[in-house]
């Protein structure tokens, strides 16, 4: 882990937990002994609910010392892999490599009730000793006299997919990584999160299975207390970085990322559905999906108003797109609200914006269609490009707009766009991040040597042709307005468009400035300056330091706060919230 230094991007931020009674166990041996002690003598049912992606063989091997009288693997009670694959076809749209329909099904829908009942009868027949029920759906069989949730982060699941791990209970063992991810995103993770949502309230232990060979476990009460504390103060999640065909080298240089033989295209540093938390119990670490915080503490985290609108979903997303010394992103468009609702069962769409964190000389973004564009002609040229007949003449159809550092480009859904080469973008957007309809990928191959999927039919159904040159400049470019200015600070509203539910403000100060709360969670990024400090106005949380380009979340329950420039040098902080 990186040593924290002033002004240096922290790769593995920790959330310090004050819970002196916490019981933390590290390593398979210590975990097995703790569970054995919890079960005690006599008959005891130990139920371990596994999130899809947990290495169940590692789990089983680690518990061998318990010598259970009966072992029931709940996966064996589910539909056979071929039958489950068939049952999922309706939602997963098998001919589409990227998109599916957000499932409304529950995990129980894919289990045989007769097999569950038979397993319960086998459990009842055991008079003495330990009964181990483990796997996906374990608590459907028995809630457990001792109940454990075995969990894993989304990013680790994706890495295991790339290393060859298959989806849960599938006969399709040779799927490409995109289809594995699709099955997780639209189906498996949705079932599992619905189960986990209530199990986090009842579990006796939380088992972190993210790092293979190094499991860690904490008692359920301490875990819940850790999440409660996290929702009362600013926190950072563990970021991750990924290469891409268009990627650059800004993040590699500024964040001192390890050499990967390529580039880094994406950074995810503000997406609770994807990122994780490192809970620090006095030096003992538990890594956990940040989504669990949203499930456990939605009102404290989001605020009542935002929770009422979005439920247990975190609606704001910060990520980074690096094309410094790289290439253009794909030309793309995001679905309109009614389109994403009707076709994918999503409640809201992927409105977004590009905050230009840094830019090379002459860099630009592509945004909106040019004046007088003929939609039929543009579609014909896109389809010729898709067929490989001729490159798409983007300059003929799409506005090419110069950008510089600290510009903020607004991109409501339905607007054609992409970041050009030579930009370092802080993308501020709504959370449904997978719904990008690529129109043109500049005729290149992905890192795996294959073309990236193009989604022309979806894209053409969503392009808003009235968002032309004049409209773009009047509505999406240069929309910054001054909210407040005095001798200490400048506060500017930088967006977003009225069709987008997110509001963003930039605070500039060399001393201190109080931030206005509006009943919403805040997401912040230090876009200029080595470091800044977030300070509670009433002492509700300890001062929190943020370094250049780091993202943090400040829950609504944390209360009022101010931004301080501890070194007396000017800092700029971008703050996003859900508008009233």
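Residue numbers (the numbering used here): 42 to 621. The C-beta atom is built at its ideal place from N, Cα and C for all residues, glycine as well.
**OP:** Return helix, strand or coil for residue 619, following the three-state DSSP convention.
**Re:** strand
Original post:
Looking at the structure shown, is residue 416 part of a helix, part of a strand, or coil, going by DSSP?
Top reply: helix
Subject >> Helix, strand or coil at residue 177 according to DSSP, with G and I counted as helix >> reply: In the structure shown, residue 177 sits in coil (DSSP, three-state: anything other than H, G, I, E or B).
Original post:
Between residue 46 and residue 567, what straight-line distance do the alpha-carbon atoms span, to the nearest angstrom?
Top reply: Unreliable positioning characterises residue 46 in this predicted model, as indicated by a pLDDT of 42, which lies under 50. The coordinate reading is nonetheless provided below. Distance between the alpha carbons of residue 46 and residue 567 is about 16 Å.
Original post:
Can you round the beta-carbon distance between residue 268 and residue 334 to whole angstroms, since I take them to be within the 8 Å contact cut?
Top reply: 5 Å
Subject >> Length of the line joining the Cα atoms of residue 616 and residue 338 >> reply: Each residue's alpha carbon lies about 21 Å from the other.
Original post:
Given a threshold of 16 other Cβ atoms within 10 Å of its Cβ, counted over all protein chains shown, does residue 470 qualify as buried or as exposed?
Top reply: buried
**OP:** Give the secondary structure of residue 330 by DSSP, where H, G and I count as helix, E and B as strand, and everything else as coil.
**Re:** strand
Original post:
For the beta strand (DSSP E) that residue 104 lies in, which residues bound it at each end?
Top reply: Element bounds for residue 104: n/a, residue is neither H nor E.
Subject >> Pair within 8 Å by beta-carbon distance, residue 163 and residue 198 >> reply: no
**OP:** Please confirm if the stretch 515–534 is in contact with the stretch 362–378, defined as three or more CB-CB distances below 8 Å between the two stretches.
**Re:** no
**OP:** Identify, in the order they occur along the chain, each residue of the same chain with its Cβ nearer than 6 Å to the Cβ of residue 54, setting aside the five sequence neighbours on each side.
**Re:** 277
**OP:** Could you check what DSSP says for residue 443 in three-state terms: helix, strand or coil?
**Re:** strand
Subject >> Extent of the continuous alpha helix (DSSP H) to which residue 233 belongs >> reply: 230–243
**OP:** With DSSP collapsed to three states, give me the class of residue 481.
**Re:** When DSSP states are grouped into helix, strand and coil, residue 481 belongs to the strand group.
**OP:** Assuming residue 608 contacts residue 572 (C-beta within less than 8 Å), just tell me the rounded distance between them.
**Re:** 7 Å
Original post:
For residue 528, does the count of other Cβ atoms within 10 angstroms reach 16, so buried, or fall short, so exposed?
Top reply: exposed
Subject >> For residue 196 and residue 92, believed in contact at Cβ under 8 Å, the rounded distance >> reply: Not a contact, Cβ separation roughly 13 Å.
**OP:** Quick one: residues in its chain with C-beta nearer than 6 Å to the C-beta of residue 534, no 5 flanking neighbours on either side, listed in chain order?
**Re:** 522, 524, 546
Original post:
Below 8 Å between beta carbons: does that hold for residue 372 and residue 457?
Top reply: yes
**OP:** May I have the straight-line CA-CA distance separating residue 165 from residue 171, to the nearest angstrom?
**Re:** 12 Å
Original post:
Given 8 Å as the limit, is there contact between the stretch 71–86 and the stretch 123–135, that is, 3 or more CB pairs closer than that?
Top reply: no
Original post:
Can you name the residues that DSSP bridges to residue 358?
Top reply: 470
Original post:
Which first and last residues belong to the alpha helix (DSSP H) in which residue 72 is found?
Top reply: 69–80
Subject >> Cα-Cα separation, residue 271 to residue 123 >> reply: Just so you know, the alpha carbons of residue 271 and residue 123 end up roughly 42 Å apart.
Subject >> Residues of its chain near residue 141, where Cβ-Cβ distance is below 6 Å and the 5 sequence neighbours each way are ignored >> reply: Excluding residues up to 5 positions away in sequence, 132, 133, 134, 223, 227 lie with their Cβ nearer than 6 Å to the Cβ of residue 141 in the same chain.
Original post:
Using DSSP with H/G/I as helix, E/B as strand and the rest coil, what is residue 140?
Top reply: coil
Original post:
For residue 52 versus residue 291, is the C-beta distance shorter than 8 Å?
Top reply: Residue 52 is not a Cβ neighbour of residue 291, given a cutoff of 8 Å.
Original post:
Using 8 Å as the limit for Cβ to Cβ distance, is residue 376 near chain C?
Top reply: In the displayed structure, chain C is absent; only one protein chain is listed.
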